[in-house]
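Enquirer:
2 protein chains.
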Amino acid sequence: MLELRSLPTDCAKRRQESVCSACGARAFSVCSSLDSSDLAGLDAIAERVTLKAGEALIREGDPAVHLFNITSGSVRIYKLLPDGRRQITGFLFAGDFVGLATGQDYAFSGEAIEDATLCRFRKADYRALIRERPLLEEALLDRATHELAAAQNQMLLLGRKTAQERIASFLLDLPTRDPLRPSTEDQVRLPMTRSEIADYLGLTIETVSRVLTKLKTTGVIRLLSLNELRIEQPDRLRDIAEGEV
Amino acid sequence: MLELRSLPTDCAKRRQESVCSACGARAFSVCSSLDSSDLAGLDAIAERVTLKAGEALIREGDPAVHLFNITSGSVRIYKLLPDGRRQITGFLFAGDFVGLATGQDYAFSGEAIEDATLCRFRKADYRALIRERPLLEEALLDRATHELAAAQNQMLLLGRKTAQERIASFLLDLPTRDPLRPSTEDQVRLPMTRSEIADYLGLTIETVSRVLTKLKTTGVIRLLSLNELRIEQPDRLRDIAEGEV
DNA sequence: CGCAGCCTTGACCATTATCAACGCTGGTGG
DNA sequence: CCACCAGCGTTGATAATGGTCAAGGCTGCG
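Set out below in structure tokens:
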């Protein structure tokens, strides 16, 4: 019923993934590994959910009764200002958790970017379960601290990087986080629109478009289609991302 | 030897604080409360550290052997780009943890803003201890998810708010996080320099200075000294912070 | 084939960065 | 005890990055 496996990925940092095959819940663990008994019981409290592209998962301000684990597809989470300005705070993929944060209400909204399947848990059930699964809780803590590190990188990007540096960082980072990406490292799938990229990087769609065009004309990347590109000069892109230009 | 107490604070959201009186370690808990037995053993593996203003706690890239809990003073954590651009990703105060993230090396640097005292733990010891203290681990997970929520707010600020909105948000947020702040809500202590505020908000010192001057001349705040100000019109400041102007 | 939605490109503009000068303040040493 | 200096902060003039507004192109679907 449960299995422990490695993701079929070329990502430099391979991650161990534990999949509850009954309910599909995934619990990545970077430094502690889980065995079957840690995941037993998840299927009893899990509920499968299917979302079409664009459908909402959670809405900022609603009571936080559920938490989710993505099993396929991709999700955007974002916050809005009253006048409609949007900041996408994360793109989430298979294996990621949504709504872990304690707190009365959700602090952000979440929607499917493309068709997605998820596992839904009642938060109370989940908390009760992990209380009896210390290793599962440890894995969640690992995950949370890793997301914190990623959030700090994103703050550096938003606070101090130029438009070109942001795009370069984004293109390098994205494939390391989507387990469903194509197998070659330099091929980048962009399941999101320009508008979503812009709202993730703190830019406008026009700037995103212009920078991509510039990277294309300088030969650093090649646009295969709107949602697919190849990194032709990875070293160059890395230099750009870190401001070494 | 251990006590559970409430912080002497006027903060809207009162936090329960567990203090290990032997070693001074603090473990805030927002939704689960800890009792003495959960903290027992901390003093055996803790080491007290004193830092003078400006001294480094951890350095980005160094092996991550220790983690810290701040017992007094304040700390800045930040990341640098190769050319020296700095993004301060957080100001931390008494009760906050530094270096929780799993991972070979520290992903950011940390320095004391003002004289500070801390508890230092060897990470391996700490992980071994919390493995036997599920409630302590749960408290850490709570804390981590809360910091994630704070990080998302900061991303919204950095990605989508104007300079004036950033400063307003900062002035409203800061006093809710420093347990050592003066007791009145509208009095804000700024232990950090303009340069640090700028690097936290993704601005320059000149812009910080100009916006503060503007808020002063419009009567929203009053500068008592360089490091102390009063919020004269909290509602107005809240509106500005959310872009309702 | 036509339309809607998304993307690109161009011209212009505004916010904020940069560069520069000056002022305040606290600490030190004569 | 006062004067000077260093460091930080403020203010002003100018510049640049990226935003805004506008028009046109591509693409996929009905």
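Chains as they are written, first to last, in full-length UniProt numbering: chain A, 1 to 245; chain B, 1 to 245. C-beta: ideal position from N, C-alpha, C; glycine also.
With H, G and I counted as helix, E and B as strand and the rest as coil, what does DSSP make of residue 228(B)?
Expert: strand
Enquirer: Residue 70(B) and residue 91(B) - do their beta-carbons sit closer together than 8 angstroms?
Expert: no
Enquirer: Of all the options 236(A), 209(A), 238(A), which has the alpha carbon lying nearest to the alpha carbon of residue 226(A)?
Expert: 209(A)
Enquirer: Starting from residue 79(B), find everything on chain A with Cβ-Cβ shorter than 9 angstroms and list it in chain order.
Expert: 152, 153, 155, 156, 160
Enquirer: Label residue 111(A) either buried or exposed according to how many other C-beta atoms from any shown protein chain fall within 10 Å of its C-beta, with 16 as the threshold for buried.
Expert: By the 10 Å Cβ count, residue 111(A) comes out buried.
Enquirer: For the ligand MN, is there any heavy atom lying closer than 7 angstroms to the beta carbon of residue 231(B)?
Expert: Although the ligand MN was asked about, the structure shown includes no ligands whatsoever.
Enquirer: Do you know how far the Cα of residue 46(B) is from the Cα of residue 113(A)?
Expert: 46 angstroms
Enquirer: Applying the criterion that 16 or more other CB atoms from any shown protein chain within 10 Å of the CB defines a buried residue, is residue 152(B) buried or exposed?
Expert: Looking at its Cβ environment, which holds 16 or more other Cβ atoms inside 10 Å, residue 152(B) is buried.
Enquirer: What are the residues in the region 86–115 of chain B lying within 9 angstroms of chain A by C-beta distance?
Expert: The region 86–115 of chain B vs chain A, Cβ under 9 angstroms: 86, 87, 88, 89, 90, 100, 101, 102, 103, 107, 108.
Enquirer: Counting only C-beta atoms, is residue 246(A) closer than 8 angstroms to chain B at any point?
Expert: Residue 246(A) falls outside the range modelled here, since chain A spans only 1 to 245, and no answer is possible.
Enquirer: Kindly list, in the order they appear in chain B, the residues whose Cβ is closer than 7 angstroms to that of residue 244(A).
Expert: 82
Enquirer: Quick one: does residue 145(A) have its CB under 8 angstroms from some CB of chain B?
Expert: yes
Enquirer: Give me the subset of the region 124–135 of chain A whose CB atoms are less than 9 angstroms from a CB atom of chain B, sorted by chain position.
Expert: 127, 130, 131, 132, 134, 135
Enquirer: Taking the alpha carbon of residue 175(A) as the reference point, which residue from 53(A), 229(A), 215(A), 59(A) has its own alpha carbon closest?
Expert: 229(A)
Enquirer: Less than 8 angstroms between CB atoms is the rule here; does residue 61(B) satisfy it with respect to chain A?
Expert: no
Enquirer: What does a CB cutoff of less than 7 angstroms around residue 260(A) pick up in its chain, not counting 5 residues either side in sequence?
Expert: One cannot answer for residue 260(A) here, as it falls past the ends of chain A, which runs 1 to 245.
Enquirer: Inspect the beta-carbon positions of residue 105(A) and residue 62(A) and report whether they are closer than 8 angstroms.
Expert: The answer is yes: Cβ separation under 8 angstroms.
Enquirer: Looking at residue 155(A) and residue 89(B), is the spacing between their C-beta atoms short of 8 angstroms?
Expert: yes
Enquirer: Report yes or no: do the region 232–241 of chain A and the region 192–208 of chain A share at least 3 C-beta pairs separated by less than 8 angstroms?
Expert: no
Enquirer: Just the C-alpha distance for residue 188(A) and residue 55(B), rounded to the nearest angstrom, thanks.
Expert: 42 angstroms
Enquirer: Are the Cβ atoms of residue 211(A) and residue 120(A) separated by less than 8 angstroms?
Expert: no
Enquirer: Using the beta-carbon of each residue, which ones in chain A are nearer than 8 angstroms to residue 142(B)?
Expert: The contacting residues are 102.
Enquirer: Taking 8 angstroms as the cut-off, decide whether the C-beta atoms of residue 126(A) and residue 67(A) are in contact.
Expert: yes
Enquirer: Taking the C-alpha atoms as reference points, what is the distance between residue 207(A) and residue 84(A)?
Expert: Computed Cα separation, rounded: 19 angstroms.
Enquirer: Strictly under 8 angstroms for the Cβ-Cβ distance: is residue 206(A) near chain B by that measure?
Expert: It does not; no Cβ of chain B falls within 8 angstroms.
Enquirer: Nearest to residue 163(A) by alpha carbon, out of 244(A), 203(A), 77(A)?
Expert: 203(A)
Enquirer: Anything in chain A within Cβ reach of residue 148(B), meaning under 7 angstroms, just list it in chain order.
Expert: 101, 144, 147, 148, 151
Enquirer: Using the three-state DSSP reduction, which class does residue 56(B) fall into: helix, strand or coil?
Expert: strand
Enquirer: Less than 8 angstroms between CB atoms is the rule here; does residue 202(B) satisfy it with respect to chain A?
Expert: By this cut-off, residue 202(B) is an interface position.
Enquirer: Mind checking residue 275(A): buried by the 16 CB within 10 Å criterion, or exposed?
Expert: Absent from the structure is residue 275(A), since the part of chain A shown begins at 1 and ends at 245.
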